[in-house]
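So the sequence shown is numbered by our numbering: it starts at 536 and just counts up by one.
Below is one structure, written out as structure tokens; comments come after it.
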Amino acid sequence: MLQERTFPQKVMLFFKGLAMGAANKVPGVSGGTVSFVLGFYEELIYSFQKVNLKALKLLLAGEFKKFYHYTNAQFIFLVMGGSIFSYFSVSLLLDYFLKNYELYVWSWFFGMIIGSIYYIGKDFGGWTKRNFISLVVGASIGLGISFLTPAIENDNLWFVFICGIIGVTGMTLPGLSGSFILILLGNYVLLLVDSVNVLLNVMTNLLTGNFDVLSDPIKVRYLKIIAVFTSGSAFGLVTISHLLGYVLKHYHKIVNAVIIGFITGSLGIVWPWKKTIYVTDNGVISLDSKGNKIVENYERFIPEILNLETVLALFFIFLGIGLILAIDYYDRRRKK
């Protein structure tokens, strides 16, 4: 599993991490799907499995080189470095397009997920009764999640820690969107918008020599929230990866069938034609303590076919499918 990489391969791995991080931030899109399609999912799980008692012993003993190789640290740093960097770069660009061209962004992702189902499923092999049942179970869970009602925001630090554990499933389980789960838990805006923006603001101030920002109780509160969320995510990554590593080793086909099912079910989440329904009180949209609209659910609908907007959306769906097929073509040519 471990491998020496050339400089171009390291750069490519960083960009793959960038893509995974951007996908993780978009509600409905799974970073795990990106890692699966781009071919580094199993190494990702394997590497996080190596964060264990043996790794801790090597670290405490000062065996840093052995620790570096044992944990596949180069891979983790490149992927996670790209993923973290995307939150302050690609993700901001995605936020802009989601705000101004929401239908076309969802259409593009919808197409990529359709392409991903083909990409992952084409080499699956024999579909036994057990594998097919696993596929249906995965699809049912993925589809069922898309129709759950979001909760109200909760900034209790214990709950934030749990959100970190649950939200990171988008990175470890293809088809399950961590961001969408955070919406269902009521904490998407708090954890992936407000806290990230405050962290960026604090870092900018500190780099310019303004340390007064650390005396702002509101900013300090957000820093605590994102620190606890990050800790929960790290804990979730390691623990879930150990579990996934075990089931991948012993039930590889079944797990892959469930993953294909999850991804198929997630199409219900990223269906492009949907309207956000907000909580209202006597016809007035309710706001939380920070002035954000409180999401109640999403209303999906069938678009008018003879409509320029719909035609453009369909174009972006096929563009998304085409991108995955291009990756598949490149991958097959590379292996020849």
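All C-beta atoms, glycine included, are put in the ideal place defined by N, C-alpha and C.
Review point. Grouping DSSP H, G and I as helix and E and B as strand, with all else coil, what is Tyr-864?
Key: helix
Check your understanding: Taking C-alpha atoms, which residue in Glu-688, Val-748, Leu-638, Ile-761 lies nearest to Leu-847?
Key -> Leu-638
Exercise for review: Ignore the nearest five residues each way along the sequence and tell me which others in Met-536's own chain have a CB closer than 7 Å to its CB.
Suggested key: With a pLDDT of 48 at Met-536, under the threshold of 50, the predicted position of this residue should be treated as unreliable, though the coordinate-derived value follows. Around Met-536: Glu-578, Tyr-581.
Point to revise | Through-space distance from Gln-584 to Lys-784, alpha-carbon basis | key: 12 Å
**Study point:** Given Phe-850 as reference, the closest of Phe-644, His-604, Phe-612 once Cα atoms are compared
**Key:** Phe-644
Point to revise | Option in Trp-808, Leu-860, Tyr-865 with minimal Cα separation from Ser-642 | key: Trp-808
Practice item. Could you spell out the range, first to last residue, of the alpha helix (DSSP H) harbouring Thr-811? Key: Unbroken run through Thr-811 is the beta strand (DSSP E), 809-813; no alpha helix (DSSP H).
Practice item. Mind checking which residues open and close the alpha helix (DSSP H) that includes Ile-668? Key: 664-681
Check your understanding: From this set, Ile-718, Leu-726, Val-572, which residue's C-alpha is nearest Ile-761's C-alpha?
Key -> Leu-726
Review point. Any chance the region 711-720 sits against the region 552-565, with 3 or more Cβ pairs inside 8 Å?
Key: yes
Review point. Just the Cα atoms here: how many angstroms apart are Lys-754 and Thr-845?
Key: 42 Å
**Study point:** Span of the alpha helix (DSSP H) around Ser-570
**Key:** 566-572
Review point. Measuring CA to CA, which of Tyr-653, Gly-767, Ser-669 is closest to Gly-699?
Key: Gly-767
Review point. Exposed or buried, which one is Ser-621 when buried takes at least 16 other CB atoms within 10 Å?
Key: buried
Exercise for review: Can you give me the Cβ contacts of Ile-859 inside the same chain, cut-off strictly under 6 Å, excluding the 5 residues immediately before and after it?
Suggested key: Met-647, Gly-650, Ser-651, Tyr-654
Check your understanding: Does DSSP put Met-536 in a helix, a strand or coil?
Key -> Any reading at Met-536 must be qualified, since the residue scores a pLDDT of 48, below 50, and its modelled position is unreliable; the value itself is stated next. Three-state DSSP puts Met-536 in coil, outside helix and strand.
Practice item. Could you check what DSSP says for Ile-820 in three-state terms: helix, strand or coil? Key: strand
Exercise for review: Would you tell me roughly how many angstroms separate the C-alpha atoms of Asn-689 and Ser-730, rounded to the nearest one?
Suggested key: 13 Å
**Study point:** Lys-927 versus Ile-794: straight-line alpha-carbon distance, rounded
**Key:** The question about residue 927 has no answer, for the chain in this structure spans 536 to 871.
**Study point:** Residues that Glu-834 bridges to, as DSSP identifies them
**Key:** Lys-810
Point to revise | Candidates Val-773, Val-733, Ser-681: closest to Arg-756 by CA position | key: Val-733
Check your understanding: Residue range of the alpha helix (DSSP H) that Leu-741 falls in?
Key -> 730-742
Point to revise | Close beta carbons around Ala-554, own chain, < 6 Å, minus the five adjacent residues each side | key: Val-569
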